[in-house]
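What follows is a short report on a single structure.
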Amino acid sequence: MKTGYILVSGGSGYIGSHTCIELIENGYQPVIVDNLSNSDSQSLDRIEDISGYRPTFYKIDLCDRKALDRIPKDIIFDGLIHFAAFKSVNESVANPLMYYHNNLESLINVLHFCTERKIPHLVFSSSCTVYGDATELPVTEETPLQKPSSPYGNTKQISESIITDYLKVHPELSSISLRYFNPAGAHPSAKNGELPQGIPNNLLPYLTQTAVGLRKELQVFGGDYNTKDGTAIRDYIHVSDLAEAHVKAFEYLMIDRMGSNYELFNLGSGHGYTVLEVIQSYEKVSGQKLPYKIVDRRPGDIEKIWASAEKAEKILGFKPKRGIDEITRTAWEWEKHFRKNIEKSIS
Ligand code: NAD
Ligand code: UFG
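Numbering (this note's numbering), first residue to last: 2 to 348.
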């Protein structure tokens with residue numbers, strides 16, 4: 002094991018659990034703090050099963066600042082990766098205060114915690130949703146931000162501002178915001194993946210649930226966009242690549258750079274795929290036809306977005322290794338594994 006511990010908020014969730022695996026495989030010891038509002042403690046079993054190490058876990062709501070005192074003061078953290086947040090665009094439109102409260106209060110408490118415990122480095126989960134309907138493609142880190150299309154997106158814009166304001170008066174803390182494009186796919190072992198509660202909102206989990214017969218057909222939202230086949234374009238990045246980027250971002254923070262104490266990076270593949278291309282990829286890797294129907298556009302969706310991945314490659318040395326076929330294949334393998342082995346043990 003390398004030196005100290007890394008506190009991972011939201012570490013039992015989808016991206017957090019994959020990042021814990023990657024941290025462990027790189028010699029770090031993640032300590033998870035999560036209130037399990039959108040995950041379950043079996044996530045720890047999966048992390049242990051894959052990596053051979055079970056992170057210490059604290060069931061704490063980050064909005065409860067006092068509860069953070071339960072984390073022992075003798076643990077010296079080298080850094081904190083802050084994943085914990087609510088993330089559903091639709092839900093945030095229906096219940097904005099829930100989103101502003103959870104996502105902002107938890108971040109404020111995390112920043113206080115960094116100061117109180119002298120944690121020197123913070124990695125923050127942001128989103129390409131901050132670019133809104135982007136004015137230029139591919140989107141670079143210099144592309145002007147647009148008014149967010151949802152309260153969720155607004156919490157990410159505000160969070161980035163809270164961090165930069167805080168850093169101005171706390172030069173002892175350095176931070177990176179990572180703007181994820183569309184995280185998707187599952188661990189290559191098929192033993193960990195996305196577990197949405199209820200009916201999935203996102204494309205990949207809806208697609209794989211359709212593939213295993215849980216849903217009748219996939220609805221493709223919009224066939225009249227100005228794209229090669231009329232369906233919307235997104236930049237899908239494999240969750241294990243994303244996890245690796247967090248380790249690289251963290252290690253970049255640990256180098257004494259003598260410059261600014263804040264950086265932000267896009268995390269995408271640099272390639273855009275239409276919804277129909279994603280379906281075709283699934284059909285190719287599975288050898289199965291997917292039932293789908295093109296329906297009206299989903300309100301609030303943008304037509305196309307993909308990242309310029311150059312800055313992360315140049316500065317962090319990060320380049321995603323897995324393409325769209327690896328994303329659809331691992332997502333499908335995980336869905337099959339989960340339905341066969343894990344779901345039964347829960348019910
Ligand atoms: P997730 O819901 O699977 O994981 C988030 C975890 O945070 C969950 O385990 C949840 O229980 C926990 N959590 C939420 N509020 C908490 C609180 N107040 N206290 C303690 N724990 C709390 O989501 P994910 O997909 O892994 O996303 C992780 C981060 O990445 C989030 O900040 C999300 O906004 C951001 N992000 C996700 C996507 C995506 O498409 N998945 C895209 C861009 C950005
Ligand atoms: N789509 C369908 N059918 C579905 C689900 C999605 O056609 O059943 C389409 C959408 O219309 C969109 C594309 O597939 O064109 C991707 O949709 P997702 O819902 O998977 O992802 P979004 O790009 O809408 O948003 C996601 C997360 C946000 C995050 C954003 C950027 O849900 O939280 O990526 O990171 F902010």
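For glycine and all other residues, C-beta sits at the position ideal for the given N, C-alpha and C.
Residue i in three-state terms, based on DSSP
i: residue 253; result: helix
i: residue 1; result: Because the chain is modelled from 2 through 348, residue 1 falls outside the range shown and cannot be assessed.
i: residue 331; result: helix
i: residue 283; result: helix
i: residue 164; result: helix
i: residue 34; result: strand
i: residue 313; result: helix
i: residue 19; result: helix
i: residue 341; result: helix
i: residue 135; result: coil
i: residue 243; result: helix
i: residue 295; result: strand
i: residue 234; result: strand
i: residue 306; result: coil
i: residue 2; result: Summary for residue 2: the model assigns pLDDT 39, below 50, so the residue's position carries little reliability, and this model does not support an answer.
Buried or exposed (CB count within 10 angstroms, at least 16 for buried), residue i
i: residue 1; result: Residue 1 cannot be examined here, being either before or after the span of the chain that is shown, 2 to 348.
i: residue 256; result: exposed
i: residue 229; result: exposed
i: residue 140; result: buried
i: residue 272; result: buried
i: residue 242; result: buried
i: residue 95; result: exposed
i: residue 116; result: exposed
i: residue 2; result: Residue placement at residue 2 is flagged as unreliable, the pLDDT there being 39, under the threshold of 50; a coordinate-derived value is accordingly withheld.
i: residue 122; result: buried
i: residue 1; result: Outside the displayed span of the chain (2 to 348) sits residue 1, for which this structure offers no information.
i: residue 264; result: buried
i: residue 260; result: exposed
i: residue 200; result: exposed
i: residue 21; result: buried
i: residue 316; result: exposed
i: residue 88; result: buried
i: residue 25; result: buried
i: residue 172; result: exposed
i: residue 227; result: exposed
i: residue 350; result: Only positions 2 to 348 of the chain appear in this structure, which leaves residue 350 out of reach.
i: residue 1; result: Any answer about residue 1 is impossible in this case: the structure gives the chain only from 2 up to 348.
i: residue 355; result: Past the edges of the chain, shown from 2 to 348, lies residue 355, and the structure says nothing about it.
i: residue 218; result: exposed
i: residue 240; result: buried
i: residue 198; result: exposed
i: residue 136; result: exposed
i: residue 145; result: exposed
i: residue 143; result: exposed
i: residue 183; result: buried
i: residue 170; result: exposed
i: residue 300; result: exposed
i: residue 186; result: buried
i: residue 296; result: exposed
Residue i beta carbon near the ligand ADP (any heavy atom closer than 7 angstroms)
i: residue 62; result: As for the ligand ADP, it is missing from this structure, which binds only the ligand NAD and the ligand UFG.
Any residue with its C-beta under 6 angstroms from a non-hydrogen atom of the ligand UFG counts. Can you list them all in chain order? 88, 90, 128, 129, 130, 181, 182, 183, 202, 203, 204, 207, 219, 220, 221, 222, 233, 235, 276, 299, 302
With three or more beta-carbon pairs closer than 8 angstroms as the criterion, would you say the segment 277 to 288 touches the segment 62 to 71? no
What are the uninterrupted segments assigned as alpha helix (DSSP H) that are 4 or more residues long and contained completely in the segment 45 to 129, given in chain order? 90 to 95, 97 to 117
Check whether the segment 192 to 211 and the segment 330 to 341 touch, using three or more Cβ-Cβ pairs below 8 angstroms as the test. A contact is defined here as three or more CB-CB pairs under 8 angstroms, and the segment 192 to 211 meets this definition with respect to the segment 330 to 341.
Runs of alpha helix (DSSP H) wholly within the segment 141 to 227 (minimum 4 residues, chain order): Listed in chain order, the complete alpha helix (DSSP H) runs (minimum 4 residues) inside the segment 141 to 227 are 152 to 170, 204 to 212.
Any 3 or more C-beta pairs closer than 8 angstroms across the segment 48 to 61 and the segment 79 to 96: no
Counting Cβ pairs closer than 8 angstroms, one from the segment 9 to 29 and one from the segment 82 to 93, do we hit at least three? Flag = yes, the segment 9 to 29 and the segment 82 to 93 touch.
Any contact between the segment 148 to 168 and the segment 236 to 255? By contact I mean 3 or more CB pairs, one from each, below 8 angstroms. No, because fewer than three Cβ pairs between the segment 148 to 168 and the segment 236 to 255 fall closer than 8 angstroms, the two stretches do not touch.
Counting Cβ pairs closer than 8 angstroms, one from the segment 27 to 41 and one from the segment 210 to 221, do we hit at least three? no
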